[in-house]
Structures are given as C-alpha cells and as structure tokens.
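If you're matching positions, the sequence shown starts at 2 in this note's numbering and goes up one per residue.
Cβ atoms here follow ideal geometry from the backbone N, Cα and C, with glycine treated the same way.
Below is one structure, written out as structure tokens; the observations come after it.
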Amino acid sequence: MKKTLVLLSLAALLVISACGSSKSAEPNETNKGAQSGGQNSHAGMDHSSSSGAPEGMREASSPTFPVGSKAVIADSHMSGMEDAETTIAGAYDTTVYTVSYTPVTGGERVTDHKWVVHEEIKGAGNEPFKPGDEVVLDADHMPGMEGATAKIDSAKQTTVYMVDFTSTTTGEEVKNHKWVTEEELALP
C-alpha cells in the first residue's frame with residue numbers, strides 16, 4: 002500500500018512538472034494604438050520561425066537596417082520585444098498589412114494584428130490590397146491564422162524586417178521573427 006501511494010505521488014509530480022515546464026507562448030501585450038473592439042492581443046504568437054521569408058518576397062535594395070546589422074526594437078506588438086537588441090535576419094520591400102480575423106481554430110476575433118505581408122495572402126497577385134478588402138491568410142504567426150478569412154485594416158508599402166532577438170521578459174531566444182517595420186526599429 003505504501004509503495005502504491007509513493008508511486009502515485011511520483012506520477013502526480015511528474016504530470017505537474019511536465020505541465021509547468023512546457024514551452025508555450027507567453028501572454029503578450031495588447032497591440033499599442035490598436036483600434037477599439039475585439040481582441041488584439043498577440044497571445045500565442047509564434048515568436049520564432051524556422052522558415053525564412055515567404056516565396057516571392059523581394060529583398061530590399063537599400064534597407065535602413067542591412068542584414069546582419071544591429072537595431073533596437075522601439076515598439077512592441079508583444080511582450081518582450083520593446084527595447085530588445087536585435088540582429089536583422091532579413092529585409093524585404095513589400096506591402097505590409099494590419100488585419101482582423103477570427104481564428105479557424107475558434108476563439109475571439111483578433112483585430113488590428115501587426116503584421117502580415119502581401120506574400121502571406123492566398124492568391125495575392127501583384128496589386129496591393131486596400132483597407133476593407135477581404136482576404137484569406139496564408140501566414141502562421143498565430144494559432145488559427147493560416148486559412149482564416151481576414152479584413153485588411155491598413156496597408157502600406159515599406160521595408161519589413163525579419164529579426165533575431167532575446168526576449169526582455171523571458172530571456173527566450175527568438176529567431177526569424179516576422180515582421181517588424183522600419184518605424185519600429187531604432188539605432189542601438
């Protein structure tokens with residue numbers, strides 16, 4: 002009886018330990034300056050991506066922050082980004098969008114999500130979308146994003162950056178984070 006109780010206690014501790022040590026995304030800050038209504042949190046955002054830029058992206062010809070250079074993230078769409086020193090992993094000229102969508106996995110509508118690039122929209126073609134257009138997302142930055150129908154909230158032609166940084170809140174190393182705009186970066 003005593004052995005069974007000890008084994009059950011150890012099993013319970015293992016289960017509890019496993020839950021506590023899982024590497025899930027931390028809750029993130031609400032998007033600063035976002036439009037009102039709906040959920041605009043980046044909770045669950047996939048900070049790192051093993052993949053590079055989407056197919057068809059055009060490398061920036063003269064980016065303000067060249068690949069390999071250092072910068073500081075001056076704005077934050079999620080916890081741990083603001084004031085983090087970053088290394089530029091990629092720089093691309095494209096149209097960048099904020100979008101609102103309901104995750105295909107269910108849950109609250111996400112509003113004013115920063116950022117989705119033109120090449121992450123199914124059947125995008127050559128012409129940029131306009132605010133109010135309805136599109137289908139081919140991005141997977143957050144659970145339930147890929148395949149979701151979204152409304153374009155804003156659009157602008159700019160240079161976007163894929164960046165590597167260490168989270169200022171968790172110490173987690175983030176690789177190939179997509180996307181940061183020039184306005185969200187500063188010289189170190």
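{"Item": "Do D76 and E183 have their CB atoms nearer than 8 Å?", "Value": "no"}
{"Item": "With DSSP as the reference, label H142 as helix, strand or coil.", "Value": "coil"}
{"Item": "With a cut-off of 8 Å, do at least 3 Cβ pairs link the region 129-146 to the region 56-75?", "Value": "no"}
{"Item": "Residues in its own chain within less than 7 Å of E121 by CB, not counting five upstream and five downstream?", "Value": "P55, L138, D139 and A140"}
{"Item": "Answer yes or no: do V73 and A156 have a C-beta to C-beta separation smaller than 8 Å?", "Value": "no"}
{"Item": "Let's see if you can read the secondary structure: which residues bound the beta strand (DSSP E) around S77?", "Value": "Per DSSP, S77 belongs to no beta strand (DSSP E) and is neither H nor E."}
{"Item": "According to the neighbour-count rule (16 or more other Cβ atoms, all chains shown, within 10 Å of its Cβ), is N29 buried or exposed?", "Value": "Only weak support is given to the placement of N29: the predicted model assigns it a pLDDT of 33, under 50, and the value that follows is read from those uncertain coordinates. The residue in question, N29, is buried, as its Cβ has 16 or more Cβ neighbours within 10 Å."}
{"Item": "Determine the direct distance from the alpha carbon of T87 to that of M163, and round the result to whole angstroms.", "Value": "10 Å"}
{"Item": "In this structure, does DSSP put E173 in helix, strand or coil?", "Value": "coil"}
{"Item": "Closest Cβ-Cβ distance between A140 and chain B: below 8 Å?", "Value": "Looking at the structure shown, chain B is missing, and only one protein chain is on hand."}
{"Item": "Over what stretch of residues does the beta strand (DSSP E) that includes I192 continue unbroken?", "Value": "With the chain represented from 2 up to 189, any question about residue 192 goes unanswered, as that position is not in the structure."}
{"Item": "Ignoring anything shorter than 3 residues, give me the beta strand (DSSP E) runs that lie fully in the region 84-116, in order along the chain.", "Value": "86-102"}
{"Item": "In or out: D84 buried (at least 16 other Cβ within 10 Å) or exposed?", "Value": "exposed"}
{"Item": "Cα separation between A35 and H78?", "Value": "Interpretation of A35 is limited by its pLDDT of 34, a score under 50 that renders its predicted location unreliable; no figure is taken from the coordinates."}
{"Item": "Taking just the CA atoms, how far does K123 sit from K131?", "Value": "15 Å"}
{"Item": "Going by beta carbon distance, what residues of the same chain come within less than 8 Å of T169, once the five residues before and after it are set aside?", "Value": "G81, M82, E83, D84 and A85"}
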